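Single-structure report; data block below.
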Amino acid sequence: MMRAMVAIESPHNPAIRAAIALRERRNRVESGLTLVDGARECRRAIDAGTVVETAFTCTSILHSPEALRAMSALHARSIEPVEVSERAFAKLAFGDRAEGMVLVVRVPSTRLDDLRVGAAPLLLVTEDVEKPGNLGAIIRTADAAGCDAVIAIDGTDLFNPNVIRASTGMVFSMPLAAAAADEAISWLRQHDTRIVAARVGAECAYTDADLRGPLALVLGSEAAGLSNAWRGPDVEGVRLPMLGVADSLNVSATAAILAFEARRQRGTPNLRSTST
286 MMRAMVAIES PHNPAIRAAI ALRERRNRVE SGLTLVDGAR ECRRAIDAGT
336 VVETAFTCTS ILHSPEALRA MSALHARSIE PVEVSERAFA KLAFGDRAEG
386 MVLVVRVPST RLDDLRVGAA PLLLVTEDVE KPGNLGAIIR TADAAGCDAV
436 IAIDGTDLFN PNVIRASTGM VFSMPLAAAA ADEAISWLRQ HDTRIVAARV
486 GAECAYTDAD LRGPLALVLG SEAAGLSNAW RGPDVEGVRL PMLGVADSLN
536 VSATAAILAF EARRQRGTPN LRSTST
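One gets the working numbering by counting positions in the sequence shown from 1 and adding 285 to each.
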């Protein structure tokens, strides 16, 4: 690739500083913008039609096949990148892979009222899952298991740049919503969706539960579990039998087990090979 003309040389350039400020949640909330770092994540954001406000590129290090595909996706959308120096890019990038592209994008809507699902949806609902790595892994699992949406409860930051990275960019293609617990429960009832909550003390093992039909699988944080909002008479509990010393699983592992058991019970049309 021919080296582009550098438009931004200094890491102290106002555009660089404004982008870096988006690492802080307060600035993301105020601006409605977030950062996307990593070639694969950038490509998936672009392919999903996410509004790209600024595309920063550093062509001297943009040479992996995935990075070149991301650049092609930019060109296909007629998005003109801003070329930055390696010094400026080192300040801008925050992931563990410097791949030569960082995007500033507009955060898609996460209003529950905007969520559209089809008949007999399979939903994952997370409550108080704050660790970006766990939340991103759950969104990635939801995509792999063919879930219809992920609903995050209690102020979880779905578009934290680290969630985006952990999800490998699936936040842009997986329908997402954020809501309070009572709002989500009301919405699920209105949509005639059964609620099945993962609980340590539940009587029913997950393998004995019927996970077909319109279904929301609800998971809480490892530290606190689920709030009392999920203990109503119409909330079914399931447990994962623990056969070793540990008394619980990582929440993203629990999500994967339950989601794929639900998928197994429903059948796996158009099954594709797994990848990492």
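A virtual CB, placed ideally from N, CA and C, is assigned to each residue, including glycine.
Bear in mind that the values here come from a model prediction, so they are computed numbers and not experimental data.
The C-alpha of W472 lies about 36 Å from the C-alpha of I305. If you draw a straight line from the Cα of T453 to the Cα of T319, it comes to about 15 Å. Distances from the alpha-carbon of E546 to those of F457, V523, N312, A358 put V523 closest. V402 sits in coil when the DSSP states are folded into three classes, being neither helix nor strand. Burial state of T553 is exposed, judged by a 10 Å Cβ sphere holding fewer than 16 other Cβ atoms. For L502, the pairing in a beta bridge is given by DSSP as L409, V481. Under the three-state reduction of DSSP output, V369 falls in the strand class. E468: member of the alpha helix (DSSP H) spanning 466 to 475, first to last residue. Taking the C-beta atoms as reference points, V369 is found nearer than 7 Å to F341. For I438, the enclosing beta strand (DSSP E) has its first and last residue at 434 to 438. Exclusion of the five residues before and after V402 leaves L408, D433, A434, P460, H476 as the residues of its chain whose Cβ lies within less than 8 Å of its Cβ. If you compare the alpha carbons of R450, A544, A422, A466 with that of I436, the shortest gap goes to A466. Of the candidates N447, L400, E365, L400 places its Cα closest to the Cα of A464.
Here the C-alpha atom of W515 lies approximately 43 Å from the C-alpha atom of R302. The Cβ neighbour count for P350, taken over all protein chains shown within 10 Å, is under 16; the residue is labelled exposed.
Three or more pairs of CB atoms, one per stretch, sit closer than 8 Å, so the stretch 411 to 425 contacts the stretch 441 to 452. Just measuring C-alpha positions, the residue of V410, G431, N445 sitting nearest V536 is V410.
Looking at the DSSP output, M386 shares a beta bridge with T342. Residues M455, M459 of the same chain have their beta carbon placed closer than 6 Å to that of D428, with the five preceding and five following residues left out of the count. Put simply, the backbone Cα of V392 is about 7 Å away from that of F444. The DSSP-derived three-state label of G486 is coil.
In this structure, the straight-line span from the alpha carbon of A544 to that of A430 is close to 6 Å. Annotation for R372: P296 place their beta carbon closer than 7 Å to its own, counting only its chain and skipping 5 residues before and after. For R329, same chain residues with a beta-carbon under 6 Å away, outside a window of 5 residues either side, are G454, F457 in chain order.
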